[in-house]
Amino acid sequence: MPQETLANLLTEDRTFPPAPEFTASANVTEAAYDEAAADRLAFWEQQARRLDWTKDWDSVLDWSNPPFAKWFTGGELNVAANCLDRHVDAGLGERVAIHFEGESGDGRAVTYAELLDEVKRAANTLTDLGVEAGDRVVIYMPMIPEAAVAMLACARIGAPHSVVFGGFSVEALASRIDDAGAKLVITADGGFRRGKPNALKPTVDAAAERCPGIEKVLVVRRTEQDVDWNERDLWWHETVGTASNEHAAQPFDAEHPLFILYTSGTTGKPKGILHTSGGYLTQTSYTHHAVFDLKPESDVYWCTADIGWVTGHSYIVYGPLSNGATQVMYEGTPDTPHKGRFWEIIDKYQVTSLYTAPTLIRTFMKWGDDIPAGYDLSSLRLLGSVGEPINPEAWIWYREHVGKGKAPIVDTWWQTETGAIMVSPLPGVTATKPGSAQRPLPGITVDVVDDEAKSVPNGGGGFLTIRDPWPSMLRTIWGDDQRFLDTYWSKFDGMYFAGDGAKRDDDGDLWLLGRVDDVMLVSGHNISTTEVESALVSHDSVAEAAVVGASDPVTGQGIVAFTILRGDIESSPEHLQELRQHVANTLGPIAKPRQIMVVAELPKTRSGKIMRRLLRDIAENREIGDVTTLADNTVMTRIKEGLSAAA
Ligand code: WT7
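Under full-length UniProt numbering, the residue at position 610 of the sequence shown is numbered 610, and the numbers go up by one with no gaps.
Here it is as structure tokens:
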């Protein structure tokens with residue numbers, strides 16, 4: 001019998017159809033799938049009409065040189081004008097674009113007219129500083145409205161931005177500045193994090209010393225902490241603050257580069273993912289409208305991601321603003337000054353739509369149900385999840401304790417490379433299923449294939465691939481076309497593959513099973529870490545779990561699990577035995593963990609993904625590997641100490 005590509009162990013019977021009232025007023029209906037299936041390019045052409053184009057396109061898609069796609073060729077638009085000017089021109093200038101909430105509770109509302117004014121002044125400043133269309137600008141900022149202003153000002157003058165997450169080191173910042181060949185950096189003195197000013201400028205100073213290409217550094221004053229001042233530095237308030245607010249947006253080609261965003265990947269030098277203008281804005285705008293069912297007149301939308309990740313690019317800046325949304329932007333952490341901070345913000349602004357990550361949902365579960373119960377969350381009408389597979393029990397917790405059993409949940413699968421959401425329920429159409437991202441969106445063709453690139457039948461598992469080009473796809477890796485071909489297009493002929501395992505259940509719904517690099521090979525079965533983790537989280541006592549395969553003389557690999565318990569639960573040998581048995585009962589004996597350890601925290605990247613590689617080092621009793629991309633690089637020491645204290 002040939003070895004299965006990826007085992008399908010977990011089954012899920014619970015489904016939650018949308019409420020009839022939700023469906024009745026939903027932005028997108030079942031018909032969208034049929035329209036897209038009948039003529040995919042006509043469907044995307046129709047979505048592109050959501051935007052204002054100064055010149056129409058000649059063809060929807062040029063795929064004459066695959067996998068280098070060109071969408072809406074010959075078309076021209078200005079991305080920033082689509083996010084701002086057209087709303088103000090339509091008389092919506094007084095609508096709040098951003099409710100900014102500082103960590104310490106300071107804040108301000110920025111209207112579309114004010115945002116446009118500031119973007120025009122920033123665009124004039126950049127031009128005065130010698131930035132021209134095509135020049136790269138690096139943005140290294142806290143979560144403040146000026147970060148969005150900086151991005152939009154770059155877009156307005158056709159200067160591709162590269163936002164670097166404000167938690168990254170000198171080394172990471174310098175290598176990105178260097179690779180992008182940027183001449184200007186926009187930063188701030190610092191931002192507020194965990195109740196304290198967190199300096200950013202010293203990191204930029206050190207990086208600029210190593211990057212001779214940097215001519216100027218533009219500095220927003222946020223924390224008012226002392227900063228060293230160099231000849232290349234300029235204050236934002238002295239330049240942007242005094243610049244003219246007259247600026248006519250000039251059109252750019254649909255394929256003009258909009259931004260480069262670096263993904264660290266698992267190995268080697270970071271990849272500069274290149275996104276362009278027309279197709280990217282079409283798909284971010286459409287998906288934000290369709291998946292979040294955005295009603296711009298009445299919704300208050302909040303995406304909790306940082307602007308330094310693609311989620312912040314597509315679903316804080318370009319998607320929502322192109323749709324004229326009102327949104328919340330929060331500077332700080334979820335537990336400062338207290339663990340109810342998120343719920344307090346939802347209550348304060350009457351947030352209707354929340355988009356957050358499974359890692360946070362599991363953290364909230366661990367903190368306890370009573371915390372969200374202390375706030376009025378009745379304004380919420382839609383919940384979203386992104387970044388990792390969401391375990392069915394975390395999904396159920398999110399639905400009950402945050403959505404009060406009524407708000408539909410959209411589990412959205414996509415990547416930095418895909419630019420916009422690819423797989424997700426549609427909230428007015430899909431009967432949702434906890435843990436499944438379910439269906440490709442209209443106009444997107446996703447497949448699950450085996451090692452021989454053949455589609456797996458329902459019930460089978462394999463590799464998630466994308467068969468046809470999509471408008472917001474990455475165009476290349478900045479400066480490295482060959483790496484683009486090798487990384488994404490070489491495993492399967494003519495298909496995009498970016499490393500995720502997936503299965504189709506008996507209804508044909510898609511389940512994401514984690515990175516294929518993490519798959520465990522146990523007695524000849526390929527078992528996904530996600531399924532075992534979800535089985536553990538389905539036990540009442542477990543809030544979070546991370547599973548790795550450790551080499552085993554008998555089975556090839558043995559399953560080793562690290563778990564965080566809920567609330568104040570204490571573990572015992574009997575409890576661990578019960579957990580092992582619970583996994584075996586849920587998934588079958590093949591998936592029974594060899595060992596389960598209780599830990600207080602797990603190693604995560606700054607965007608919240610569990611770093612299983614480091615846990616494998618513990619499970620196999622090795623020296624711990626490179627920890628530089630961890631959010632907190634002391635966590636591995638604490639985990640090791642905690643385990644040896646318990647042993
Ligand atoms: C990887 C992409 C997409 C924006 C944030 C992350 C994982 C993302 C889901 C989901 C299961 C998911 C995948 C993907 N992922 N969303 N809903 N279900 N897995 O962007 O840093 O480029 O990471 O995140 O493994 O490949 P990214």
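Glycine included, every Cβ here is placed at the ideal spot set by N, Cα and C.
- For secondary structure counted as the beta strand (DSSP E) over 3 or more consecutive residues, the region 141-177 holds these complete runs in sequence order: 161-163.
- The ligand WT7 approaches G499 closely enough that one of its heavy atoms is under 7 Å from the residue's Cβ.
- Taking the CA atoms as reference points, V291 sits about 22 Å from I345.
- Here DSSP, grouped into helix, strand and coil, assigns I371 to helix.
- In this structure, the CA atom of G384 is about 43 Å from the CA atom of N230.
- The beta-carbon distance between A155 and L258, rounded to whole angstroms, is 6 Å. This is short enough to meet the 8 Å contact definition.
- Residue ranges of uninterrupted alpha helix (DSSP H) with 4 or more members, entirely inside the region 86-147 and ordered along the chain, are 112-128.
- Apart from the 5 residues on each side of it in sequence, W367 sits with its Cβ closer than 7 Å to the Cβ of K339 in its chain, given in chain order.
- A Cβ-Cβ separation of about 7 Å places H575 in contact with S541 under the 8 Å criterion.
- Not one heavy atom of the ligand WT7 falls within 7 Å of the beta-carbon of Q250.
- Of all C-beta pairs linking the region 271-281 to the region 627-640, fewer than three are shorter than 8 Å, placing the two stretches out of contact.
- Short of 8 Å from the beta carbon of A148, and not among the five residues preceding or following it, lie these beta carbons of its own chain, in chain order: I98, L115, I307, I316, V317, L321 and M329.
- The ligand WT7 never approaches E641 closely enough for any of its heavy atoms to be under 7 Å from the residue's Cβ.
- Secondary structure at D62: strand, using DSSP grouped into helix, strand and coil.
- When DSSP states are grouped into helix, strand and coil, R606 belongs to the coil group.
- Fewer than three beta-carbon pairs drawn from the region 279-294 and the region 481-492 are found closer than 8 Å, and the two stretches are therefore not classed as touching.
- The closest CA to that of F43, considering only A26, L61, K406 and W53, is found on L61.
- Beta-bridge pairing by DSSP links L218 to I186 and L234.
- Between the alpha carbons of N585 and I396 lies a gap of roughly 20 Å.
- Remark: three or more beta-carbon pairs, one from each stretch, lie closer than 8 Å, so the region 351-361 and the region 287-303 are flagged as touching.
- Taken from the Cβ of A19, every heavy atom of the ligand WT7 lies 7 Å or farther away.
- One Cα belongs to C303, the other to I421, and the distance between them is close to 14 Å.
- Annotation: A373 to R580 spans about 32 Å, alpha carbon to alpha carbon.
- When DSSP states are grouped into helix, strand and coil, C211 belongs to the coil group.
- The beta carbon of S528 sits closer than 7 Å to the beta carbons of L6, G501, L513, G514 and V519 from its chain, once the five residues preceding and following it are set aside; these are given in chain order.
- DSSP places S490 outside any alpha helix (DSSP H), giving it a letter other than H or E.
- Proximity of the beta carbon of S472 to the ligand WT7 is not indicated: no heavy atom of the ligand is located closer than 7 Å.
- The closest heavy atom of the ligand WT7 lies 7 Å or more from the beta carbon of R606.
- As the crow flies, the alpha-carbon of I559 is around 15 Å from that of V537.
- For W397, the uninterrupted alpha helix (DSSP H) segment begins and ends at P392 to W397.
- Membership of S385 in the beta strand (DSSP E) is indicated by the continuous run L382 to S385.
- When secondary structure is reduced to three states using DSSP, D34 falls in the helix class.
- Apart from the 5 residues on each side of it in sequence, G93 sits with its Cβ closer than 8 Å to the Cβ of H87, T111, Y112, A113 and L116 in its chain, given in chain order.
- V554 counts as exposed, since fewer than 16 other C-beta atoms from the protein chains shown sit within 10 angstroms of its C-beta.
- Where L464 is concerned, the enclosing beta strand (DSSP E) starts and stops at G461 to I466.
- Residue pairing by DSSP places R622 in no beta bridge whatsoever.
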